[in-house]
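Shown next, in structure tokens, is the structure this report addresses.
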Amino acid sequence: MRRNLRSEHISAFLVELPKWWTAKLKKTRKLRGHVSHGKGRIGKHRKHPGGRGNAGGQHHHRINFDKYHPGYFGKVGMRHLHLKRNQQHCPAVNLDKLWTLVSDQTRDVYAKKTDVAPVIDVVRAGYYKVIGKGRLPKQPVIVKAKFFSRRAEEKIKGVGGCCILVA
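Take the sequence shown: its letter number 122 is residue 1376 in this note's numbering, and every next letter is one higher.
Right, dumping it as structure tokens:
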């Protein structure tokens, strides 16, 4: 068996070769002297012979699409007209986190006053429902939300506050 010593020798030291030497190994060097440089006579390395992008997926490129992208074309099922998304979207906040929605400055102001209660709009803070986990400070508060759990409503009313339902 005859071995090509030159190619083995070159591949062994390819890492250490200068750039001008690796240029000798390129396909471009081999194609010098061949008129059309491997690009043919008629098309002459121009334009888009198969069409641009996904063109011809149902025609001349059908085999490729059927083999590698089955189900790419066509419809499935029925249309749902007037689809309402996020009907179950209902972020909730616990009672113990309720006062974090109000600034420290406002909290201090209302701590001194007993005749006026602060209004905490939970919906403005991005929550819809108030849940009854945790304790509230003994300070009346007006809470606006779309939903209240039973225990949350009891605890808010227990400290002298009130619950207002917002649409």
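We put the CB at the ideal spot given by N, CA and C, even for glycine.
Requested in this report: Return helix, strand or coil for residue 1346, following the three-state DSSP convention.
Outcome: strand
- [ ] Take the Cβ of residue 1402 as the centre, count every other Cβ of all protein chains shown within 10 Å, and call the residue buried at 16 or more, exposed below.
- [x] buried
Query raised in the report: Taking the DSSP output, what are the residues bridged to residue 1362?
Result: In DSSP, residue 1362 forms no bridge with anything.
Measure how close the beta-carbons of residue 1337 and residue 1397 come, nearest whole angstrom, since I'm counting them as under 8 Å. Between residue 1397 and residue 1337 the Cβ distance is about 33 Å, and since that is not below 8 Å, they are no contact.
Between which two residues does the alpha helix (DSSP H) carrying residue 1281 extend? Its alpha helix (DSSP H) spans residues 1281–1284.
query: Can you tell me whether DSSP reads residue 1390 as helix, strand or coil?
result: coil
(Q) On the DSSP letters alone, give me the boundaries of the alpha helix (DSSP H) that residue 1320 sits inside. (A) Counting along the chain, the alpha helix (DSSP H) containing residue 1320 begins and ends at 1316–1322.
- Message: Determine whether the beta carbon atoms of residue 1345 and residue 1381 lie at a separation below 7 Å.
- Response: A contact, by the Cβ cut-off of 7 Å.
Q.
What does the alpha-carbon distance come out to for the pair residue 1347 and residue 1319?
A. As the crow flies, the alpha-carbon of residue 1347 is around 50 Å from that of residue 1319.
Query raised in the report: So what's residue 1410 in DSSP terms, helix, strand or just coil?
Result: helix
**Inter-residue spacing [alpha-carbon to alpha-carbon] between residue 1421 and residue 1370** = 25 Å
C-alpha distance - residue 1331 paired with residue 1312, whole-angstrom precision: 21 Å
* Which residues bound the alpha helix (DSSP H) around residue 1273? -> 1273–1276
**Q.** Terminal residues of the beta strand (DSSP E) in which residue 1419 lies
**A.** Residues 1416–1419.
Discussion item. Tell me the rounded alpha-carbon separation between residue 1309 and residue 1315.
Written reply: CA-CA distance, residue 1309 to residue 1315, rounds to 8 Å.
*What residues match up with residue 1398 in a beta bridge as DSSP calls it?*
1375, 1418
- Please report how far the alpha carbon of residue 1418 lies from the alpha carbon of residue 1408, in whole angstroms. 13 Å
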